[in-house]
Amino acid sequence: MMRVGLLGTGRIGSLHAETIAAHPASVLHSVSDIDSESANILAAKHNVDAKPADEVISDPNIDAILIATSTDTHSDFIEKATSEGKAILCEKPVDLSLNRAKECLFNVRASKDRIMIGFNRRFDPNFAQLKKSLDSDDIGKRELLTITSFDPTPPPISYVKKSGGLYRDMMIHDFDLSNFIMDELPETISAVGHSLINPEIGLEGDVDTAVVTMVYADGKIAVIKNSRRAVYGYDQRIEILGSEGLLQAENITENSVVKSTKAGVLSAKPKYFFLERYIDAFKAEWDAFVRSIHYDKPVPVTLEDGVAALALAEAATQSQKTGKSVQLKEIF
Ligand SMILES: NC(=O)c1ccc[n+]([C@@H]2O[C@H](COP(=O)([O-])OP(=O)(O)OC[C@H]3O[C@@H](n4cnc5c(N)ncnc54)[C@H](O)[C@@H]3O)[C@@H](O)[C@H]2O)c1
């Protein structure tokens, strides 16, 4: 049985606590958060102790650490937990700074097979099926990838301030998905982004609406579209055109009932947000982590994957600021 210490008891930490507790081969051992009220509430719910992070990390009765704290703490916690010999699942992104993330990767390189980054979308059953189909050569050579990722509503400004901006915080998922789907990194990245939804996001120097175009060595193209607001729900779609056909992964709706009348055809909205839409993906992600550590196999989403996605985010951030394309080799 894997005994797990959870750092961060906010939105995603609370969800991970449920997933850890529900898995037959893991148990939640203790939790930590600098917000002691939040930590105590989650600890009481799961009947475990709330302790300072250092005590959780150094506890010999804990086998694995799940890091779900704010992004600016991730590299430090990865290094500390590695030095205590723990297996780690760390939420995305690895860090706010690409250089710090690279340094972290260097410092923990001997343990990298036991450090997984939480790119949960790879574990979404539909996206995983799309990738399987591509790898089986069902649509021939990959040519044009389009990823649409719109949140239903922007996060609070307090979150935006610590997030590192849309490219590092939100589009990072899509950068990882494009790396996963294309099986290689792009050569050039061009980004345009604006603050159209909430002027306060713009005042923080961030954007809420953005499009990135990436071009690969052989000329194939990926386009990622992000918005922090879609009034109809969480819009999560992938489309890839290949030399022999097209693969599409559509939204998952709240139910499958379609009403057709003289007025038109009406179906349910997409599932509201990531907690609803990706619940199966989070469970599959955790299961993959537990199995990797149990069977002493390398984790399926590595710290290198996390650093690569962050490099694309960094390139996109630079491109948006300068209005010019960025060659990935200039920064990575
Ligand atoms: N995989 C996903 O789909 C997904 C979704 C949401 C968030 N995330 C990531 O998870 C992380 C947390 O996001 P969230 O939405 O849960 O944020 P949140 O603000 O709800 O929770 C973060 C928690 O970390 C705590 N914290 C901050 N610094 C700490 C420290 N030094 N020690 C202990 N606790 C500390 C905060 O008090 C807070 O309770 C972020 O890195 C975010 O990018 C991933």
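Residue numbering for the sequence shown follows our numbering, beginning at -14 and increasing consecutively. Just so it is clear, CB atoms sit at the ideal spot from N, CA and C, and this is done for glycine as well.
- It is roughly 20 Å from the alpha-carbon of threonine 173 to the alpha-carbon of leucine 226.
- By the Cβ neighbour-count rule, glutamine 305 is buried, with 16 or more other Cβ atoms within 10 Å of its own.
- Distances from the CB of glycine 308 to the heavy atoms of ligand 1 are all 6 Å or more.
- Note that the C-beta distance between serine 17 and leucine -8 is below 7 Å.
- Looking only at Glu169, Lys256, Asp191 and Pro184, the smallest Cα-Cα distance to tyrosine 201 is reached by Glu169.
- The alpha-carbon separation between alanine 298 and glutamate 40 amounts to approximately 33 Å.
- In this structure, the beta-carbon distance from leucine 13 to alanine 28 does not fall below 7 Å.
- With contacts defined as CB atoms closer than 7 Å, aspartate 48 and arginine 107 fail to qualify as a contacting pair.
- Where serine 96 is concerned, there is no enclosing beta strand (DSSP E), because DSSP gives it neither an H nor an E.
- By a beta-carbon distance limit of 8 Å, proline 283 contacts aspartate 98. Their separation comes to about 4 Å.
- The beta carbon of proline 285 sits closer than 6 Å to those of Ala273, all from its chain and outside the five residues before and after it, given in chain order.
- Below 8 Å, too few C-beta pairs join the region 56 to 72 and the region 225 to 244 to call them touching: fewer than three.
- Counting along the chain, no beta strand (DSSP E) covers threonine 67; the unbroken alpha helix (DSSP H) around it starts and ends at 59 to 68.
- If the five residues before and after aspartate 57 are omitted, its C-beta is found closer than 6 Å to the C-beta atoms of Leu81, all from its own chain and listed in chain order.
- Taking 7 Å as the cut-off, the Cβ atoms of lysine 87 and valine 311 do not count as close.
- Considering only Ser163, Ala234 and Gly150, the residue with the shortest C-alpha distance to asparagine 111 is Ala234.
- Contact between isoleucine 166 and leucine 130 holds, with the beta-carbon distance rounding to 6 Å and staying under 8 Å.
- By the neighbour-count definition (other C-beta atoms within 10 Å, threshold 16), glycine 218 is a buried residue.
- Excluding five sequence positions before and after histidine 31, the CB atoms of its chain that fall closer than 7 Å to its own CB belong to Ala2, Ala6 and Leu13, given in chain order.
- Separation of the CB atoms of leucine 115 and isoleucine 223 is rounded to 6 Å, and the pair is thereby assigned contact status at 8 Å.
- In this structure, ligand 1 has a non-hydrogen atom nearer than 6 Å to the beta-carbon of glycine -5.
- In the structure shown, glycine -2 adopts helical secondary structure according to DSSP, grouped into three states.
- From the listed residues Pro37, Ser11 and Gly190, the smallest Cα separation to threonine -6 is found for Pro37.
- CA-to-CA, the gap between glycine 230 and isoleucine 42 works out to about 49 Å.
- For glutamate 3, the CB stays at least 6 Å from every heavy atom of ligand 1.
- In the DSSP secondary-structure assignment, glycine 249 is bridged to Thr246.
- Put simply, the backbone Cα of glycine 190 is about 41 Å away from that of arginine 276.
- Secondary structure of methionine -14 (DSSP, three-state): coil.
- When DSSP states are grouped into helix, strand and coil, aspartate 290 belongs to the helix group.
- Distances from the alpha-carbon of aspartate 154 to those of Ala301, Leu90 and Leu313 put Ala301 closest.
- In summary, aspartate 290 is buried, with 16 or more beta-carbon neighbours lying within 10 Å of its beta-carbon over all protein chains present.
- The continuous alpha helix (DSSP H) containing methionine 167 extends over residues 156 to 167.
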